[in-house]
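K.L.:
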Amino acid sequence: MQMDLQYFAAEGGQEKTEKATPKKREDTRKKGQVAKSNDVNTAVILLIVFIVLFAYAAVPGQFLHDLFTKMYINYAGMAFSIENVMALFLDLMFEVAIVLLPIFVAALFAGVVASMLQVGVLFAPEAIKPKLSKINPLKGIKRIFSARAIVELVKAFLKICLVGLLSFGIIWIYADELLQLALMDVVEGFQLVAWLTGVIGIACALLLLLLAVPDYVYQRYDHEKQIRMAKQEVKDEHKKMEGDPQIKARRRQRAKDVAMQRMMQEVPKADVVITNPTHYAVALQYDGEVMAAPTVIAKGSDYTALRMRQVADLNKVPIVENKPLARSLHDGTDIGQEVPEDLFRAVAEILAYVYRIGGER
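Under UniProt numbering, the residue at position 75 of the sequence shown is numbered 75, and the numbers go up by one with no gaps.
1. Residues in its own chain within less than 6 angstroms of F344 by CB, not counting five upstream and five downstream?
2. On the premise that Y280 lies in contact with H330, defined as a C-beta separation below 8 angstroms, what is that separation, rounded to the nearest angstrom?
3. Please report the straight-line C-alpha distance between Q261 and A326, rounded to a whole angstrom.
4. Just checking, does the segment 251-269 make contact with the segment 286-296 on the three C-beta pairs under 8 angstroms criterion?
5. Can you find the residues in the same chain that come closer than 8 angstroms, C-beta to C-beta, to Q226, ignoring five residues on each side of it along the sequence?
6. Give the C-beta separation of A293 and V339 to the nearest angstrom, bearing in mind that I take them to be a contact with Cβ-Cβ under 8 angstroms.
7. Comparing C-alpha positions only, which one of A283, A348, S115 sits nearest to D334?
8. From what residue to what residue does the beta strand (DSSP E) around K299 run?
9. Within the continuous alpha helix (DSSP H) that includes Q118, where are the two ends?
10. Determine the DSSP secondary structure at A229, reduced to helix, strand or coil.
11. Which one of L314, D313, A270, N315 has the shortest CA to CA distance from K299?
12. Look at the Cβ atom of Q118, then the Cβ atom of A35, and state whether they are nearer than 9 angstroms.
13. For E11, name the three-state secondary structure that DSSP assigns.
14. Give the secondary structure of L122 by DSSP, where H, G and I count as helix, E and B as strand, and everything else as coil.
15. What are the boundary residues of the alpha helix (DSSP H) that E349 is part of?
16. Could you check whether the segment 220-239 touches the segment 157-177, counting it as contact only if at least three pairs of C-beta atoms, one from each stretch, sit closer than 8 angstroms?
17. Return helix, strand or coil for Q310, following the three-state DSSP convention.
18. With distance defined between alpha-carbon atoms, name the residue in A106, D66, Y303, L351 nearest to V186.
19. Applying the 10 Å Cβ sphere with the 16-neighbour rule, what's the burial state of T295?
20. Whether or not the segment 101-112 and the segment 212-220 are in contact is what I'm after, with contact meaning three or more pairs of Cβ atoms, one per stretch, closer than 8 angstroms; do they touch?
21. Taking all protein chains shown into account, decide if C204 is buried (16 or more other Cβ within 10 angstroms of its Cβ) or exposed.
22. Rounding to the nearest angstrom, what Cα-Cα distance links T197 and I98 in this structure?
23. Would you tell me roughly how many angstroms separate the C-alpha atoms of K239 and Q232, rounded to the nearest one?
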C-alpha cells in the first residue's frame, strides 16, 4: 500500500502568498466560505437563553405546580383508554410548548443576530449541496491532522476545563442553599434550581463569549489564509476579467464618470461657456499673464453639455450662445488645448462682451 505524500502539499504545487482578490472573496462567499466563529454563536445563544431563563425562573416552577395539580384533579379519575391518553398527551405537549416557546424564540433570535453580525445577510445554497469529495478518506486524514483540528482540540479542552471550574465554584458558593433543597416544597425547590442554573449558565456564557473573541480573530486569520491565491492564479483571473465584456463596459463607464466629474470641477473656473445651445458646450478660460491664448478647460455634447450649463448657472459663469463657434471649438480642439488662430477673433469678441457686462477684471 502506497500513499502519495505530495497530496498533502500545497494544491497545484504553487505557494499561495497573495491576498484574495475581490472576485475570489465574492466566489468563496457564494459557496458559504466565510470568516465565522461558531463559538460566538454558541456563547451568544447560551447567554440570551439563560438570561431569559433567569428572568423566567418563577414560571417553570409555577407551571410544574399547576401541572401536577391539574393531573391529580382532572386526570386522576379518567378512564384508561387510547382517546383519553391521546387527549392527555396533547394537553401536556401544549402546556410544555407554551412554557418553552419564549426560550426557543430567544435562542433562534440570538443565533440569527450572532450570524448576521459576523457575516451579514448570506444565502449560500451551494454550501449544503452533497459533495463526494467530502467523503474522500485522504482529505479526511488531511483535515484530522491539520493545524485547524489541533487548534479546535486545544480550544475544546480549554473550554471544558474553564467551564467546569467556573460551575464548580458557583455551586460551592451556593452549597448551603442546595443542602436545604430537601426541606423545600416543590415550587421553591424548582425555583432555586432554575435560578442557580441561570446564574451558572450566564456566567459560563460570558466566559465562552470572552473566549470567543480570540477565536473570532483566529477564524478571520485562518479564512484569509485559506483563500490566499498563487501569483499565477491572480494573473489568470486578471486576464479573464480583462476579456469579460461586462467588466470592460463597467470600466469604461467608470472612466467616463470620473472624466465627467473632473470636467465639472473645471467649469466654475471658466470665463465663459459657449453653447450650441442644446448639443454642444465649451468652457473657455483666459489669463493673460500665463496664457498665450484662451484655453478649452471643458467640453461636451448632449447630456454632458446640459450638465456643464447647469454647473455654469450655479456658479454664475456667463453662458453665450454661438452655434457655429461652439461646434467648431468642440470638434476642432481638445481639453487643455488653446483656441486655434482662425477662431481668435470670434472668441475675443465673446470674451470682450463677457468682460464688458461683468465689469473690469
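In this text, a Cβ means the ideal position worked out from N, Cα and C, and glycines have one as well.
P.N.:
Here's the rundown:
1. Within the same chain, F344 has no close Cβ partners at all.
2. Confirmed, about 4 angstroms.
3. Rounded to the nearest whole angstrom, the CA to CA distance from Q261 to A326 is 21 angstroms.
4. The way I'd put it, the segment 251-269 doesn't touch the segment 286-296; fewer than three beta-carbon pairs between them come closer than 8 angstroms.
5. Only residues of its own chain outside the window of five on either side were considered, and among them Q33 have a CB closer than 8 angstroms to the CB of Q226, listed in chain order.
6. With a Cβ gap of about 5 angstroms, A293 and V339 count as contacting.
7. Among A283, A348, S115, the Cα nearest to that of D334 is on A283.
8. For K299, the enclosing beta strand (DSSP E) stretches over residues 295-301.
9. 82-119 is the extent of the alpha helix (DSSP H) around Q118.
10. It should be pointed out that residue 229 corresponds to Met in this sequence rather than to Ala. It is a strand residue.
11. Here the closest residue by C-alpha is A270.
12. The beta carbons of Q118 and A35 sit closer together than 9 angstroms.
13. For E11, the pLDDT reaches just 46, beneath the cut-off of 50, and the residue's location in the model is therefore unreliable, although a value from the coordinates is still provided. In the structure shown, E11 sits in a helix (DSSP, three-state: H, G or I).
14. For L122, the secondary structure class from DSSP, reduced to helix, strand or coil, is coil.
15. Counting along the chain, the alpha helix (DSSP H) containing E349 begins and ends at 344-358.
16. Because the criterion of three Cβ pairs below 8 angstroms is not met, the segment 220-239 and the segment 157-177 do not touch.
17. Looking at Q310 - three-state DSSP - the assignment turns out to be helix.
18. Checked all of A106, D66, Y303, L351; the closest Cα to V186 is D66.
19. Buried: at least 16 other Cβ atoms inside 10 Å.
20. Too few Cβ pairs lie closer than 8 angstroms, so no.
21. Residue burial is scored here from C-beta neighbours: C204 has at least 16 other C-beta atoms within 10 angstroms and is therefore classed as buried.
22. One C-alpha to the other measures close to 20 angstroms.
23. Using only the alpha carbons, I get a separation of about 11 angstroms.
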